[in-house]
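Each remark here refers to the structure printed beneath this line.
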Amino acid sequence: MLKKQILAENFVNELVFKYFLQNPLFKIFIVPIFVLIYLSASCHSYIIEAVTALECYMISDIKSNYPGKLILLYLLFTVSHYLLTFFSDCLFAIYLQSTVVSSFKIHVKEYLVLHYEDFHSIGSGKIHTVIERRTRGIIDFIELLIMNAYFNSTILFVIYNRMYLTLGKELVFFNIGVLVAYLSFCYFTSFIIKRSREAANNDWNECSNRIYGILNNYDVIKSYNNDSLEICKLNEKGASVEMSYFYYDTVCNITRFAQVLLTILPNSIVIYMVLTGRGFLSLATFGQLALYHKQVMSLKSSMESFGKQLLRFTQTYTDVTDSYLVGKHLDNTNQGKEIQSFTDKIEFKQFSLYMKDRLLIKNFNFVINKGDKVAIVGKNGSGKSSLIKTLLRFYEYEGEVLIDGRDMRDITVVSQRNLISYIPQNPYIIEGTVLDNLKYSNKSITNKEIKNICLDYNSHDIFAKLQDGYATNVGESGKFLSGGQKQQLSFMRGVIKNADIFLVDEPTANLDKLAEKDLIEKVFTKLNDKTVLFIIHNFDYLGSFDKIIGFCNQEVRVYEKYEDFLTDIQLY
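Under the working numbering, think of the first position of the sequence shown as 8, with each following residue one higher.
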């Protein structure tokens, strides 16, 4: 039984060890980020001191300092403050986007290792949404914790009252000029920001589609033991997202820094001219200068209150912990003894199967010898697919299923699936080329070997005549292929795996009569040494099978001869 992933009492422990320490960038960047934030906050306090010194200079009769020196100190601390903020933002952006990718991988893997029934009890659509919400929740929480809570705690004591704009003709026109320059800069940089944001969103959407494709095709991924491969491909998509969002965040940070300079530098000139008596005399008094300077400082000093932070913490905590993983089972891929081949027979002894408390199969006894071609017939929902998926270890059952005399429960899931080529009714087509899809079941096979196998199975022309042949991009979920082409691709992928047992789940649904006949003939001519369980609706071909299993009214009947089936054909 899978324990609850994140409980209230160990939330901090999960946060530290799962999301912080598993990301190598955390160990590299967290201390520099904290140091930069602390130094930035310290510079902010020094700015207050510099302003105080200016105020003292204004009201003092004894001028012990030169105005230029005071202005230089003011500029030094102000620019240093925003430079330090800029660098901490950049480092945090790198770390945060890396955490997005690592969190996605963590969350996808959490659901991909679920048992088949538990996975589908949640549903791929909901899992997709939950993964995105949990990932965004953990990112928001980390941002809240590091960039808000820590920063606010460090700098809060130097923030007091908001500052107001002083009136004055010269200052009004001057600030209008600053505003025009500021808005003009924002206008031109908005195009760069827009393009970088669009590129980042496109990469995000592709990564999101990849995740949905993985979850939506759980059956095939599991049957080919390609969990690690899918995570690796997701990592490639994630790297693109990481880089594009880092570029976007960097553009935004540079823009914000430039905006700060556009505010600080002109007003530094104003203060200098006031102090030297060269202009803006409306700020010649202590009170006016203090108000004006505090207004400048407030441009970037607003922050969220701790009350809002607490609300955000509650929201992000809920998003992260609401995982739907409580009480779910794992796939148990490492339990049992490994087997390398299938040499004798599969035996069902007093086999019973329930689906959501509904009895599908009761006390079923049946023997499938190596090399047998077994047809499975019955109405939709009668349990045909559930029977063959039991051999993939997707469902729990009662009774015994023996493979070469060994109880299936005592065999590792991975090694058992390695003995099986699974060809589903709805073919799972991965993003990439035709060749990528054909290699999905056998990573070590060469391109030449694939083409030779396709030639042997009369499938070569189907793929070679595509726009770019075997290098043709099939598109998302095979959208650039016809239904028949996708089914041929799925069938050949199973053939290329060259497993001992073939589980074929009604693959002729998208084929015309000629293609259907050709595929079934291949089962008997090319797969003559393989053990095949074939779900089929076209009864015209049943005479070629060694045995027929019929599902009808919660009863499973076995027909050793086609003639025996004909006597009950009206039941199916």
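The beta-carbon is built from N, C-alpha and C at its ideal position, and this holds for glycine as well.
Run of the alpha helix (DSSP H) containing residue i, from where it starts to where it stops
i	result
Ala265	234 to 282
Arg285	Neither: Arg285 is in no alpha helix (DSSP H) and is coded neither H nor E.
Tyr225	225 to 230
Asp468	467 to 471
Phe498	490 to 504
Leu462	454 to 463
Sub-9 Å separation of residue i and residue j beta-carbons
i	j	result
Tyr89	Val267	yes
Glu523	Gln432	no
Glu407	Phe470	no
Asp234	Lys116	yes
Ile555	Val420	no
Phe358	Phe349	no
Cys559	Leu540	no
Ser203	Val258	yes
Tyr118	Ile101	no
His135	Ile218	yes
Phe487	Leu526	no
Glu562	Lys377	no
Thr106	Phe33	yes
Val248	Cys214	yes
Ile153	Ser110	no
Tyr157	Trp211	no
Phe401	Tyr123	yes
Ile375	Thr538	yes
Gly501	Ile418	no
Arg424	Asn223	no
Ile436	Asn444	yes
Phe181	Pro273	yes
Leu518	Ala478	no
Tyr255	Ala382	no
The beta strand (DSSP E) enclosing residue i, as first and last residue numbers
i	result
Val362	Inspection of the sequence shows that residue 362 is occupied by Met rather than by Val. Taken as a continuous stretch (DSSP letters only), the beta strand (DSSP E) holding Met362 covers 352 to 362.
Three-state secondary structure (DSSP) of residue i
i	result
Phe401	coil
Leu43	helix
Phe24	helix
Lys7	The chain is shown from 8 up to 579; residue 7 falls before or after that span and cannot be answered.
Lys344	strand
Tyr579	coil
Asn480	strand
Leu337	strand
Leu61	helix
Beta carbon proximity, residue i to chain B, threshold 9 Å
i	result
Ile145	No chain B is present in this structure, which holds just one protein chain.
Report task. Decide yes or no for the touch test of the stretch 523 to 534 against the stretch 336 to 353: beta carbon pairs closer than 8 Å, at least 3 of them. Result -> no
Query raised in the report: Which residue spans inside the stretch 506 to 577 form an unbroken beta strand (DSSP E) run of at least 3?
Result: 508 to 512, 538 to 542, 554 to 559, 562 to 566
Query raised in the report: In the stretch 376 to 446, which residue ranges form an unbroken alpha helix (DSSP H) of at least 4 residues, counting only runs that do not cross its ends?
Result: Counting only runs of 4 or more residues that sit fully inside the stretch 376 to 446, the alpha helix (DSSP H) segments are 391 to 398, 420 to 425, 441 to 445, in chain order.
Query raised in the report: Taking the runs of the beta strand (DSSP E) that are 3 residues or longer, which of them lie wholly in the stretch 89 to 141?
Result: Runs of beta strand (DSSP E) with 3 or more residues, each lying fully within the stretch 89 to 141, are absent.
Query raised in the report: Should the stretch 470 to 482 be regarded as contacting the stretch 502 to 513, the criterion being three or more beta carbon pairs within less than 8 Å?
Result: no
Query raised in the report: Looking at C-beta atoms only, is the number of pairs between the stretch 49 to 57 and the stretch 226 to 237 that lie closer than 8 Å three or more?
Result: no
Requested in this report: Please confirm if the stretch 385 to 394 is in contact with the stretch 358 to 373, defined as three or more CB-CB distances below 8 Å between the two stretches.
Outcome: The stretch 358 to 373 and the stretch 385 to 394 touch, with three or more beta-carbon pairs separated by less than 8 Å.
Requested in this report: Assess, as a yes-or-no matter, whether the stretch 535 to 552 is touched by the stretch 450 to 470 under the definition of 3 or more beta carbon pairs within less than 8 Å.
Outcome: no
Requested in this report: Decide if the stretch 451 to 462 is in contact with the stretch 398 to 418; the criterion is three or more beta carbon pairs, one per stretch, under 8 Å apart.
Outcome: no
Query raised in the report: Would you call the stretch 70 to 87 and the stretch 229 to 243 in contact, with 3 or more CB pairs under 8 Å?
Result: Contact fails: fewer than three Cβ-Cβ distances are below 8 Å.
Requested in this report: Could you say if the stretch 94 to 110 and the stretch 29 to 40 meet the contact criterion of at least three C-beta pairs nearer than 8 Å?
Outcome: yes
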